[in-house]
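In what follows, a single structure is set out as structure tokens and then discussed.
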Amino acid sequence: MKIIFSSFGVRSIIASATSVWLVLLSSQVFAATSTSNDEAKKLCVAELTAGQSATETEVVHVRRHDDVPYVYGKANFEDINGLHFRCKVWKEKVREVMYLVKDPEYVNGRAWSKKRPHGNTHKDVVLDEPAMSPPPLDHPSPHFVRVPD
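Structure below.
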């Protein structure tokens, strides 16, 4: 019995092995650029205390949405206590800090705000599962596209 190796078969095996190696290598590189949950917590607390002047912070949850860590918790400031926050951490940097406030325009009566509230706009707001759901995607402004004939 003779075994015949075709050059096409050998090339396809080499190409398959190379593509598997590239996929594994790229996943390792991507994992290295992603921030760990513990590092995200530290960065968020540092941003809130130094950048936002929080006197006390408590991290409640860390969720990943599309492999981006979002840190959820509660913070106290000199003028306001018990304010729920959300930090988005990407590539070892806090990219966004938002606060959960009352907003009667929404069905659930609350919204995430980039401005830190003053007064009692944060009272009776609960940080629950729907509040920690993935943030909506940013959509580009609508425009007309010409369809080819």
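Residue numbering for the sequence shown is -31 to -1, 1 to 118, as defined by mature numbering (1 follows the signal peptide of the UniProt record, and there is no 0).
Here a beta-carbon is modelled for each residue, glycine too, at the ideal position from N, C-alpha and C.
Since the structure is predicted, the reported quantities are computational estimates derived from the model, not experimental observations.
Worksheet item: So, Arg79 versus Lys71, is the Cβ gap smaller than 8 Å?
Response: Taking the sequence shown and counting its residues from 1, the one referred to as residue 79 is at position 110. Taking the sequence shown and counting its residues from 1, the one referred to as residue 71 is at position 102. Cβ distance < 8 Å, so Arg79 and Lys71 count as in contact.
Discussion item. So, at 8 Å on beta carbons, what are the nonlocal neighbours of Val76 in its own chain, with the 5 sequence-adjacent residues on each side left out?
Written reply: As a first step, residue 76 is located in the sequence shown; it is residue number 107 there, counting from the start. Within the same chain, Val76 has no close Cβ partners at all.
Worksheet item: Can you tell me whether Phe113 is buried or exposed, with buried defined as 16 or more other CB within 10 angstroms of its CB?
Response: In the sequence shown, counting from the first residue as 1, residue 113 sits at position 144. Phe113 is exposed by the Cβ-count criterion.
Worksheet item: Going by C-alpha distance, which of Asp118, Val31, Arg85 is nearest Pro103?
Response: The residue you call residue 103 lines up with position 134 of the sequence shown. Cα-wise, what sits closest to Pro103 is Val31.
Practice prompt. Return yes when the Cβ of Lys10 is within less than 8 Å of the Cβ of residue 156, no when it is not.
Written response: Nothing in the structure corresponds to residue 156, since the chain is present only between -31 and 118.
Fill in: Cβ distance (whole Å) where Glu16 is taken to contact Cys56 below 8 Å
Within the sequence shown, residue 16 is the residue found at index 47, counting from 1. Within the sequence shown, residue 56 is the residue found at index 87, counting from 1. Confirmed, about 7 Å.
Worksheet item: By the 10 Å Cβ neighbour count, where 16 or more other Cβ atoms means buried, how is His34 classified, buried or exposed?
Response: As a first step, residue 34 is located in the sequence shown; it is residue number 65 there, counting from the start. It is exposed - the Cβ of His34 has fewer than 16 other Cβ atoms within 10 Å.
Discussion item. Can you tell me whether residue 137 is helix, strand or coil according to DSSP?
Written reply: In the structure as shown, the chain begins at -31 and stops at 118. Residue 137 is therefore absent and cannot be evaluated.
Discussion item. By the DSSP assignment, the alpha helix (DSSP H) with Phe14 in it spans what residues?
Written reply: On the sequence shown, residue 14 is found 45 positions in, with the first residue counted as 1. Before going further, note that residue 14 is Val rather than Phe in the sequence given. Element bounds for Val14: 6 to 15.
Worksheet item: What's the C-alpha gap between Pro101 and Arg115?
Response: Within the sequence shown, residue 101 is the residue found at index 132, counting from 1. Within the sequence shown, residue 115 is the residue found at index 146, counting from 1. Strictly speaking, residue 101 in this sequence is Met, with Pro absent from that position. In a straight line, the C-alpha of Met101 is about 39 Å away from that of Arg115.
Worksheet item: Going by alpha carbons, who is nearest to Leu52 out of Glu65, Leu69, Pro117, Arg64?
Response: Locating residue 52 in the sequence shown gives position 83, where the first residue counts as 1. Answer by Cα proximity: Leu69.
Item to complete: Would you give the residue range spanned by the beta strand (DSSP E) that Tyr41 belongs to?
Response: If you number the sequence shown from 1, residue 41 lands on position 72. That run of the beta strand (DSSP E) goes 37 to 45.
Worksheet entry | Span of the beta strand (DSSP E), counted from its first residue to its last, around His30 | On the sequence shown, position 61 is the one that residue 30 refers to. Run containing His30: 25 to 34, per the beta strand (DSSP E) assignment.
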